[in-house]
Amino acid sequence: MSHYVSEVQKLLPKVNQILHIQLNTIDDEESRIEYKSRIADVTDTSIVVEIPLNEKTGKLKKLYVGDELSTFFLSQGGVKHYFTTSVTGFKEDVIRLVELRKPELEAITQVQRRSFLRVLAELEIAVKISDQIQFIGVTDDVGGGGISFICDGHIPLGLNANISCWVLVPYKNGSIEHIPFTGEIVRIKKLESGKQLAMIRFIEIADRERQKLIRFCFERQMDFRKR
């Protein structure tokens, strides 16, 4: 039994190992950036790491509770072990530390799996920035971790602003769902048409609502594959 336990422990990341981190975000550019972080502690429920660093720019990455991360660490033999996790909190020590959800052993694999599928889709979305500013836009793509939409260029969108939304999601069986969520604007892009593209990271979305979106994404992906 002790031999089995020791073999199992080898699969878990350890203190002082380097964790390689990518954000699961609707922003393509951001999702491709790799950060590195030293593991400071491993508890029964958490992996505690230092603030991740972008080695190319030398800048630290600010994380928020709920951020979804794709990560890997190297075993002694140089094998990459991947797992998906999320930020659960922060600790103040000599330096600020980030608490990540500790993965189940069976969730650690040697194959990278990005957390959420994203698909191109033009869906109606209602957006509320404030009591005075509410409008209807059209999604550009949809995923389990966020959404992007296109709206008129004159609408005052603010980077990092929180917004309340619902999106109209149709399914193959003819049913339609109104899926509500709150999100944060992580990127704004001006389009040649004069409109603007806003990329949104989910802040609050009920699990059952997220599953409805993921179901739509799988249906849409199957459609694309049949073409």
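Quick note: the sequence shown uses my numbering, first residue 53, plus one each step.
Idealized CB from N, CA, C, for every residue including glycine.
Only a predicted model underlies this, so the values are computations on that prediction, with no experimental measurement involved.
Neighbour-count burial assignment, residue i, 16 or more Cβ in a 10 Å radius
i           : result
residue 121 : buried
residue 264 : buried
residue 131 : exposed
residue 251 : buried
residue 135 : buried
residue 60  : In this prediction, residue 60 has a pLDDT of 47, which is less than 50 and means its spatial position is unreliable; what the coordinates show is noted afterwards. With fewer than 16 other Cβ atoms within 10 Å, it is exposed.
residue 275 : exposed
residue 154 : buried
residue 55  : Annotation note: pLDDT 41 at residue 55 (below 50); position unreliable, no value reported.
residue 87  : buried
residue 68  : exposed
residue 260 : exposed
residue 58  : For residue 58, the predicted model reports a pLDDT of 43, less than 50, meaning its position is unreliable; a value from the coordinates is still stated below. By the 10 Å Cβ count, residue 58 comes out exposed.
residue 170 : buried
residue 129 : exposed
Contact under 8 Å by Cβ, residue i with residue j
i           : j           : result
residue 269 : residue 198 : no
residue 216 : residue 191 : no
residue 137 : residue 151 : no
residue 71  : residue 125 : yes
residue 222 : residue 185 : no
residue 123 : residue 91  : no
residue 240 : residue 248 : yes
Boundaries of the beta strand (DSSP E) in which residue i is found, first to last residue
i           : result
residue 191 : 186–195
residue 71  : 70–75
residue 172 : 170–172
residue 177 : 176–180
residue 150 : 148–153
Cross-strand partners of residue i (DSSP beta bridge)
i           : result
residue 256 : 234
residue 263 : DSSP lists no partner for residue 263.
Self-check item: Sequence ranges, beta strand (DSSP E) only - wholly within the region 92–143, length at least 3
Solution: Counting whole runs of 3 or more residues, the region 92–143 contains the beta strand (DSSP E) stretches 98–102, 120–126.
Quiz item: What are the uninterrupted segments assigned as beta strand (DSSP E) that are 3 or more residues long and contained completely in the region 197–237, given in chain order?
Solution: Unbroken beta strand (DSSP E) runs of no fewer than 3 residues, entirely contained in the region 197–237, are found at 198–203, 214–222, following chain order.
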